[in-house]
């Protein structure tokens, strides 16, 4: 479950408890400079309110924090939640946020390379190593973090993206690969849905399988919209108009779900069989509608 914000502490706590009560396994939240809470403190409160939920950022913008700081924050959160953290990382994509904060918005390949260095540093620090690193973007001289995380060898790392370079990095260095299905231009919007259609998505899964050969990877998607309705055809037409794709793309893409609850369950099972997707995240607006699906498929 991916949730963005709350207007008060009580509202945030109530959301976490509702997510837990409905059977969801993980509370995720994004990392933006506007319209959302800052992740680490908010996740700590959510984890305290809902003691069975796993928590994590989905995903941290690597360019907003130094990797040593990220590792320490994650280790502290993992300690205080008794080992319930998943660390989502991304290369950053919202150009306007960089501009507003006075940060340089480098081209994609540079941001991906910087993320790759950060992942190496973070993995070593979370494993308890004394890390020395000299790269193009970061230099670390014999640093070791305190505290150590509870999970061993470290909390799982999810890396999200759509382009080949980022998905290759995720396949080689992550534990969970999250597909976004979209590329964002420097201005941030509108998104280019160049990984949305089934064939394009299948190509990206093939990239990951090739780059991560021999590794045990979990595949994740963030479903952009869930519509629980009796008439899937009508819903497909509506979503096609909204996302500017064809109804056939709506029916086949792993990023949309439309139909009765039983149909959604069958669709997710078919997608797991076809592509190996075993980890699905939905937005807060779908919390109630998607709950019967969670009840049926959780742990399978």
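Numbering (the numbering used here), first residue to last: 1314 to 1613. C-beta atoms are modelled at their ideal positions from N, C-alpha and C, and glycine is treated no differently. Quick caveat: nothing in here was measured; it's all calculated off a predicted structure.
Listed as beta-bridge partners of residue 1540 by DSSP are 1571.
Rounded to the nearest angstrom, the Cβ distance from residue 1552 to residue 1571 is 6 Å, consistent with a contact under 8 Å.
For the options 1341, 1508, 1569, the alpha carbon positioned closest to that of residue 1539 is the one of 1569. For residue 1456, the secondary structure class from DSSP, reduced to helix, strand or coil, is strand.
Of all alpha-carbon atoms in 1542, 1612, 1586, the one lying nearest the alpha-carbon of residue 1602 is that of 1542. In the three-state reduction of the DSSP assignment, residue 1557 falls in the coil class, being assigned neither a helical nor a strand state.
Residue environment analysis places residue 1384 among the buried positions, since at least 16 neighbouring C-beta atoms fall within 10 angstroms of its C-beta. Residue pairing by DSSP places residue 1596 opposite 1315 in a beta bridge. For the 8 Å CB-CB criterion, residue 1340 and residue 1357 do not form a contact. Residue 1378: not part of any beta strand (DSSP E); DSSP gives it neither H nor E.
Excluding residues up to 5 positions away in sequence, 1336 lie with their Cβ nearer than 7 Å to the Cβ of residue 1608 in the same chain. Here residue 1493 is not near residue 1507, since their CB atoms are 8 Å or more apart. Using a 10 angstroms sphere on the CB of residue 1537, the tally of other CB atoms reaches 16 or more, which defines it as buried. DSSP, read as helix, strand or coil, puts residue 1613 in coil. For residue 1370, the uninterrupted beta strand (DSSP E) run begins and ends at 1367-1370, by DSSP. The shortest C-alpha to C-alpha distance from residue 1344 to any of 1399, 1392, 1405, 1389 is the one to 1405. Classified as buried, residue 1549 has 16 or more neighbouring CB atoms from the shown chains inside 10 Å of its CB. A distance below 7 Å between beta-carbons, with the five flanking residues on each side excluded, links residue 1509 to the following residues of its chain, in chain order: 1494, 1495, 1558, 1562, 1566, 1568. Straight across, the Cα-Cα distance linking residue 1429 with residue 1453 is about 15 Å. In this structure, DSSP gives residue 1464 a state outside helix and strand, which the three-state scheme calls coil. Residue 1459 holds the alpha-carbon nearest to the alpha-carbon of residue 1393 among 1444, 1421, 1348, 1459. Taking a 10 Å sphere around the C-beta of residue 1486, we find 16 or more other C-beta atoms and assign the residue as buried. Here residue 1511 has 1562, 1565, 1566, 1567 as same chain residues with Cβ atoms under 8 Å from its own Cβ, once five neighbours each way along the sequence are excluded. Partner residues in the beta bridge of residue 1446, as assigned by DSSP, are 1453.
In its chain, beyond the 5 residues on either side, 1391, 1396, 1398 have a beta carbon closer than 8 Å to the beta carbon of residue 1464. Around the beta-carbon of residue 1323, fewer than 16 other beta-carbon atoms lie within 10 Å, marking it exposed.
Here residue 1590 is actually not in contact with residue 1530; their C-beta atoms are around 11 Å apart, not less than 8 Å. Taking C-beta atoms as the reference points, residue 1468 and residue 1489 fail to come closer than 8 Å.
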